[in-house]
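For the sequence shown, counting from 1, position 490 maps to 489 in numbering that gives the first Met the number 0; every step adds exactly one. All C-beta atoms, glycine included, are put in the ideal place defined by N, C-alpha and C.
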Amino acid sequence: MTSEGFIDDLERRRLISATVARQLRAKAQGERRIDAAGILKYLVQKGIVSRESATDILKTALVVGDDAKASILGEPAAGRDDPPPGKRLQSALDPLAPVEGRGADAIDADDLFAPAQGTSSAKATSNLIDEEIVDTYRVGKGRDVADAAPQRKGKKFKQRKKSRHAAREKGKSEWDSPLVLVGGAGLALLVVAGVVLYYLLTRENADLVLKEANQQFKSGAYTQAIGGYERFVQTWPSHEDASQARVRLGMAKIRRDVEGGTDYAGALATTQAVIEQIEDEPAFTSDGADDRGLSEAKRDLSELLTRIAEGLSQQADAATDSQIINQRVEQIETVLALTANTKYVPELLRQGERLGAVRETLERVLQRQERADDLAAALAAMDQAIAGGDPAAAFAARAALIDKHPVLIDDQQLAEKVRAIAQAEQTLIKFVAEAKPAMTEAPATPVVAEIALAERREAAAAAASSGGAPLVVKADGALYAFHPGDGALLWRRFVGLDNSRSYPLALADGNVVGADAARGELACLDSQTGKLIWRQPLEGQLATPLLGGDKLFVASDAGKLYVVEAANGALAGYVEFTQPLRLTPAINDAGDRLYVVGEHSNVYTLSTRGFACLGVFYAGHSAGSVTAPPLQLLNKLVIADNSGAETCQVRVLSLDAQGAVAKEVASHRLVGLVTTPLPKAARRFAAVTTRGQAVVFEAGASDDASALTALATREPENREQSAHFSLLHEGALWVASQQLAQLAVSPSGGQLVARGLDRDYRGDAFDYPLQVAGSVLLHVRRPAARPGVVVGATDAATNRNLWETGVAVPPAGAPAVDAQALQITVGASSGAVFSVDREAMTRRIQDRAHRIELPGDLPLMTHSLDLGQGRLAVGGVGATQLLLFRPEDVQQPLTAITLPSPLSCPPVAWGDGLVAATDIGQVFLYDATSGLQRGAPFQPEIVPGERYRWLKPAVYGAGPEARLV
0 MTSEGFIDDL
10 ERRRLISATV
20 ARQLRAKAQG
30 ERRIDAAGIL
40 KYLVQKGIVS
50 RESATDILKT
60 ALVVGDDAKA
70 SILGEPAAGR
80 DDPPPGKRLQ
90 SALDPLAPVE
100 GRGADAIDAD
110 DLFAPAQGTS
120 SAKATSNLID
130 EEIVDTYRVG
140 KGRDVADAAP
150 QRKGKKFKQR
160 KKSRHAAREK
170 GKSEWDSPLV
180 LVGGAGLALL
190 VVAGVVLYYL
200 LTRENADLVL
210 KEANQQFKSG
220 AYTQAIGGYE
230 RFVQTWPSHE
240 DASQARVRLG
250 MAKIRRDVEG
260 GTDYAGALAT
270 TQAVIEQIED
280 EPAFTSDGAD
290 DRGLSEAKRD
300 LSELLTRIAE
310 GLSQQADAAT
320 DSQIINQRVE
330 QIETVLALTA
340 NTKYVPELLR
350 QGERLGAVRE
360 TLERVLQRQE
370 RADDLAAALA
380 AMDQAIAGGD
390 PAAAFAARAA
400 LIDKHPVLID
410 DQQLAEKVRA
420 IAQAEQTLIK
430 FVAEAKPAMT
440 EAPATPVVAE
450 IALAERREAA
460 AAAASSGGAP
470 LVVKADGALY
480 AFHPGDGALL
490 WRRFVGLDNS
500 RSYPLALADG
510 NVVGADAARG
520 ELACLDSQTG
530 KLIWRQPLEG
540 QLATPLLGGD
550 KLFVASDAGK
560 LYVVEAANGA
570 LAGYVEFTQP
580 LRLTPAINDA
590 GDRLYVVGEH
600 SNVYTLSTRG
610 FACLGVFYAG
620 HSAGSVTAPP
630 LQLLNKLVIA
640 DNSGAETCQV
650 RVLSLDAQGA
660 VAKEVASHRL
670 VGLVTTPLPK
680 AARRFAAVTT
690 RGQAVVFEAG
700 ASDDASALTA
710 LATREPENRE
720 QSAHFSLLHE
730 GALWVASQQL
740 AQLAVSPSGG
750 QLVARGLDRD
760 YRGDAFDYPL
770 QVAGSVLLHV
780 RRPAARPGVV
790 VGATDAATNR
800 NLWETGVAVP
810 PAGAPAVDAQ
820 ALQITVGASS
830 GAVFSVDREA
840 MTRRIQDRAH
850 RIELPGDLPL
860 MTHSLDLGQG
870 RLAVGGVGAT
880 QLLLFRPEDV
890 QQPLTAITLP
900 SPLSCPPVAW
910 GDGLVAATDI
920 GQVFLYDATS
930 GLQRGAPFQP
940 EIVPGERYRW
950 LKPAVYGAGP
960 EARLV
């Protein structure tokens, strides 16, 4: 590069002023030309160009040898300890050297010493000194300031020497000359001027460097800005803007890493290092502060930390390698900790919504990682269990995993493992022979006698002609048998409260068999009398029995399918499974195949001859998702899998030539859950969901999607879910839930069309399967405004209500016993009163009740009061009526006493009357025989709007002296 081009480059870089450049050009164009290396060496030694800038020039604009580079930068040459010749020459010239940093006006030719060693013109210019410029440093005719340099011999030198000698001889000091004094003052002025020029030039250069770096920072040229800031803080560390430069240097490094790529982990490391360097800088808290007093650095740091957190969270969410995920999680937590530190990110600057999304992603990643770890551990445990021949333990590991992570229910790895369990399980499912005869004697009980109470309401005389086997239903832990023609209660037997939907099964011989949860046994009863035929103790909670030929198959949650002789109750044995069984199995038309749905995952096919397991099909249903027993139609098995939170999938499984479940061939998604048995009629079956959607299907023999056809549909009706019981009868679908409905199946229109009923019982809750006896539809419901259960009959042909009988109504309180008349009076919470006489005691049934019409909103009767001689008072807190029963009044034994305000506490007997305290404060006394009020009521101080809550009064003393408190 030529000297002129090099000077131009220095001026473009703003390293020298125009004046300096002009003088350098003049010198470069002289008789003895100076090369670029010599110019650079001079500028470095005089502090006009810093070593860092010189190094950058040597890298980008000027190529020299290693020795020349060392000479320019003032460093020892490689392998040498002595200073370079240029340095030695400079030492000789130091007395003449201008003040460091002076301006262009003071540049001396002596300063432009030889070019750097190693250049082509080094020798030619090694001792170059411009005499003309040196002369400018002379002060008048006095002593030359260059005297320190080697003196040249000549006439003038000798004359000066003689003059000085003559002066000494005359005894005069040569310093007494006025010129010397003026020269000294001028030299002092030059020194001061040099200092000023140095300050102005260096100040101007520092400001230019900072200004350029700031412009690069704002334009996004962060790499160039970093170089400028580094030069500034290294060269001028005491500058008044040095703190700002250090802060912006750090922020530029962070922005470079954040905006320059996707290495957010590296950006975080940079950010941590920068924060440690600048957190105590004054500019970190004050530079560029807005009207809220928040600095520019803190505003930027809030945004940058948030972006780093978002980038790391995205990488963690997308990663599959657990090591990377763990690293990203740790880094995210570090960033979140930094954003939570108000020293770095004030509350006003915190990106709450975006950081909240990061935390959600972090939580999702942690859950996914935990899920993956738990899945791996569960798969290993399952492998170990399979190898050890313990499918139950493998299923237990799966159940624990699904319980903790329900989303893994559809995981393919887990599904494959369960298939492996199924294959291993088939060899472990075996029939265990355990012959045990049934017991025929009734179990011991301290109860002497039981009397069942029922409220009969006959609605149609024609119903009395209906005959057939008694209807047996289960309600509130007891079995009740009714005559299907008139609803008369025949018997009651308590079998225990449980949460299972195990229903009694009517047998062809007129008996009924069902689970007795109170005693842990299967019991067979005479359906006409309720007498025990046999009982067989069985383990676990029992499902509804299935009759197959002459045997009963009873599933148990103990993981056993019991085989019991239907005739005598003898136990033949059981098939042992590795998981609980909660549903009644299905049997094919030939009676030689049983289909058992496990609590989860598998469907088993058993032979009824020897009870060998013919196959285990992995259906993949979750625990408890199948709550309706399976159906077997043609060569298909149908299950209703509640696979969604509010949806059910009706699945059709085909059977192979051996009658074992082979594969799934069709399915249909329903809105709502199927929780009740699927009714069927020939090839048709129906499914009704908890949302009220009803579909009538027809099964086909093919092994494709045509195996399931939806003939007619009713769309969902309810938002609130409730159990819907259904029955297919004579081409119609009966549905009972919050009301009773009859839907006509119209395949041509694809709709289920509602038909009108005499009564639809809207508002009542149906909670038992519908049954049919001839043309009579039998249903069980719980009235909306009455306690207990009502069993009713509807003529399926005419849609008229036939009869209804209320049972399971709790008593209002203790009965009234009349020992002389051998009569017991019982008040029910419904308001009915029963007189239990000898006849009722003999029958163990009383289905004739005394009742009067009461308001529909009347609260339950929760208190009864024995008034003697069979008389009884019945009432309830909050009721405005008291019921008074008087057996001696044949015409109207039951009457109602109307109160002026609701009853506030239980009534009490006082003398031959009864006391009723009301919530307005008045206390009334009524005659126990006539029910009439006696005298004026007790009246405390009345406060408008105040309600009294009386405690139950107490009576002490007897006869006329009895007192009421």
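One or two residues paired with residue i in a DSSP bridge
{"i": "E3", "result": "DSSP lists no partner for E3."}
{"i": "S666", "result": "R650"}
{"i": "T269", "result": "Looking at the DSSP assignment, T269 forms no beta bridge with any residue, so it has no partner."}
{"i": "Q535", "result": "L521"}
{"i": "V574", "result": "F430 and L560"}
Counted within 10 angstroms of its Cβ, other Cβ atoms place residue i as buried (16 or more) or exposed
{"i": "K530", "result": "exposed"}
{"i": "S642", "result": "buried"}
{"i": "T269", "result": "buried"}
{"i": "E454", "result": "buried"}
{"i": "F937", "result": "exposed"}
{"i": "P97", "result": "For P97, the pLDDT reaches just 38, beneath the cut-off of 50, and the residue's location in the model is therefore unreliable, although a value from the coordinates is still provided. Buried is the call here."}
{"i": "K416", "result": "buried"}
{"i": "N587", "result": "buried"}
{"i": "Q322", "result": "exposed"}
{"i": "T305", "result": "buried"}
{"i": "E803", "result": "buried"}
{"i": "M250", "result": "buried"}
{"i": "P442", "result": "exposed"}
{"i": "S464", "result": "Only weak support is given to the placement of S464: the predicted model assigns it a pLDDT of 45, under 50, and the value that follows is read from those uncertain coordinates. Its Cβ having fewer than 16 others within 10 Å, S464 is exposed."}
{"i": "L347", "result": "exposed"}
Check whether residue i and residue j have beta carbons under 9 Å apart
{"i": "A976", "j": "H778", "result": "Absent from the model: residue 976. The displayed extent of the chain is 0 to 964, so no value can be given."}
{"i": "Q692", "j": "T712", "result": "yes"}
{"i": "G730", "j": "A743", "result": "yes"}
{"i": "V876", "j": "T894", "result": "no"}
{"i": "T646", "j": "G671", "result": "yes"}
{"i": "A966", "j": "F231", "result": "Since the first residue of the chain shown is 0 and the last is 964, residue 966 is not available in this structure."}
{"i": "A807", "j": "Y502", "result": "no"}
{"i": "A514", "j": "V494", "result": "yes"}
{"i": "V364", "j": "A315", "result": "yes"}
{"i": "E229", "j": "L248", "result": "yes"}
{"i": "L739", "j": "L751", "result": "no"}
{"i": "V964", "j": "A953", "result": "yes"}
{"i": "I532", "j": "L545", "result": "no"}
{"i": "Y263", "j": "L337", "result": "no"}
Unbroken alpha helix (DSSP H) run spanning residue i, endpoints
{"i": "Y41", "result": "A35 to Q44"}
{"i": "S321", "result": "S321 to A339"}
{"i": "I71", "result": "D65 to L72"}
Reference residue i, options the options, closest by Cα
{"i": "P536", "options": "V511, G73, G748 and V562", "result": "V562"}
{"i": "P579", "options": "P939, S600 and S666", "result": "S600"}
{"i": "E440", "options": "G568, V334 and V922", "result": "G568"}
{"i": "S499", "options": "P469, A542, A487 and A477", "result": "A542"}
{"i": "V472", "options": "V790, F724 and R847", "result": "V790"}
{"i": "R843", "options": "R492, T333 and E229", "result": "R492"}
{"i": "R327", "options": "A392, L871, L710 and A308", "result": "A308"}
{"i": "K58", "options": "A296, K45 and L72", "result": "L72"}
{"i": "R683", "options": "A698, R690 and E575", "result": "A698"}
{"i": "E239", "options": "Q890, Q366 and D286", "result": "D286"}
{"i": "A517", "options": "L496, V775 and N510", "result": "L496"}
{"i": "A818", "options": "A811, G805 and V835", "result": "V835"}
{"i": "T917", "options": "D911, V907 and R13", "result": "V907"}
{"i": "I408", "options": "R650, A377, Q422 and E211", "result": "A377"}
Terminal residues of the beta strand (DSSP E) in which residue i lies
{"i": "A895", "result": "L893 to T897"}
{"i": "G351", "result": "Note, G351: premise wrong, no beta strand (DSSP E); alpha helix (DSSP H) at G351 to A386."}
{"i": "G619", "result": "Careful: G619 lies outside any beta strand (DSSP E) and carries neither H nor E."}
{"i": "E697", "result": "A693 to A698"}
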